[in-house]
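Each protein sequence line maps, in turn, to chains G and Y.
Quick note on this note's numbering: the first sequence kicks off at 13 and runs consecutively.
Quick note on this note's numbering: the second sequence kicks off at 17 and runs consecutively.
Note that the Cβ used here is the ideal one computed from N, Cα and C, for glycine as well.
These numbers come from a predicted model, not from an experiment.
First up is the structure itself, then whatever we jot down about it.
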Amino acid sequence: QQQVRQSPQSLTVWEGETAILNCSYENSAFDYFPWYQQFPGEGPALLISILSVSNKKEDGRFTIFFNKREKKLSLHIADSQPGDSATYFCAASAKRGGGADRLTFGKGTQLIIQP
Amino acid sequence: GPKVLQIPSHQIIDMGQMVTLNCDPVSNHLYFYWYKQILGQQMEFLVNFYNGKVMEKSKLFKDQFSVERPDGSYFTLKIQPTALEDSAVYFCASSLARRDAEQFFGPGTRLTVL
């Protein structure tokens with residue numbers, strides 16, 4: 013049972029367009045949602061994150077929209093650049109007594125930005 | 017930015033042998049993690065570790081797996097004995113000791129069990 017789902021699996025957009033990556037989850041206890049960016053041969057790197065108390069988080073060209081009722085979120089990459097071509101992972105975790113987060117990842121969206 | 021290092025980058029071993037994957041976490045981090053990613057699948061949590069102890073482990077963290085960080089050196093994942101299904105990329109991560117702290121990931125160790 014996949015707790016975090018991402019779509020599309022692959023996305024190609026033209027440079028300058030807005031890329032929209034989707035994520036949905038099943039566990040109502042999830043309250044922290046980081047998005048990670050991964051380039052080939054490297055480990056994932058945190059791009060932007062949101063807590064479930066918010067419905068929007070912006071950081072430069074990157075925006076997360078969060079809908080708690082529908083258990084959905086999306087990552088919008090505005091004015092996309094060829095350097096944004098990477099795999100993007102949506103992850104989620106639930107608050108636990110131990111403190112450390114146990115991240116549940118989606119399968120990722122491979123984003124290609126065409127110049 | 018802060019870097020997590022993993023050694024080796026690729027390891028090939030025969031089924032039944034022991035393997036140790038090494039992670040050099042960010043220096044002031046206190047939480048450590050291992051994740052496993054099978055080709056084409058999502059990354060899955062194995063274990064997290066703090067103050068010399070396993071805090072939480074998933075069902076993927078079999079009895080053949082163990083973790084330790086002796087005297088503040090490498091954070092290691094040991095598999096003994098290995099099985100064919102252990103073939104995967106193993107990612108180490110570290111973070112500050114607080115809820116929703118950013119987890120910094122290493123580049124991964126690709127383990128191939130023959």
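{"Check": "Status (buried if at least 16 other CB within 10 Å, exposed otherwise) for K52/Y", "Outcome": "buried"}
{"Check": "Residue-level contact to chain G via CB, Y66/Y, 9 Å cutoff", "Outcome": "yes"}
{"Check": "Beta-carbon spacing of F101/G, G72/G below 9 Å", "Outcome": "no"}
{"Check": "Neighbour list for E101/Y in chain G, Cβ cutoff strictly below 7 Å", "Outcome": "Those do not exist, as E101/Y stays about 19 Å from chain G at its closest Cβ, beyond 7 Å."}
{"Check": "Rounded straight-line distance, which links the Cα of C39/Y to that of R85/Y", "Outcome": "9 Å"}
{"Check": "Rounded separation between P127/G and G28/G - CA only", "Outcome": "9 Å"}
{"Check": "Partners in chain G for G4/Y, counting only beta-carbon separations shorter than 7 Å", "Outcome": "Here chain Y covers residues 17 to 130 and nothing more, so residue 4/Y does not appear."}
{"Check": "Proximal residues of chain Y, C-beta to C-beta of R114/G below 7 Å", "Outcome": "F61, N64, E72"}
{"Check": "Short-range partners of chain Y found in the region 62-81 of chain G, where Cβ spacing is below 8 Å", "Outcome": "L63"}
{"Check": "Bridge partners - A57/G, DSSP secondary structure assignment", "Outcome": "Q49/G"}
{"Check": "Y37/G Cβ short of 8 Å to the ligand SAM heavy atom set", "Outcome": "By its list of ligands, the structure shown contains no ligand whatsoever, and the ligand SAM lies outside what it can speak to."}
{"Check": "Contacts that F107/Y makes with chain G (C-beta to C-beta distance below 8 Å)", "Outcome": "G55, P56"}
{"Check": "Per DSSP, cross-strand counterpart(s) of Y90/Y", "Outcome": "Bridge partners of Y90/Y: none, in fact."}
{"Check": "Contact with chain Y by S105/G, beta-carbon distance below 9 Å", "Outcome": "yes"}
{"Check": "Own chain partners of G32/Y with C-beta closer than 6 Å, once the 5 adjacent residues on each side are dropped", "Outcome": "P97"}
{"Check": "Residue-level contact to chain G via CB, G56/Y, 9 Å cutoff", "Outcome": "yes"}
{"Check": "Contained beta strand (DSSP E) runs [length at least 3] in the region 70-123 of chain G, N- to C-terminal order", "Outcome": "74-79, 84-89, 98-106"}
{"Check": "Nearest-angstrom Cα separation, counted from Q93/G out to K75/Y", "Outcome": "40 Å"}
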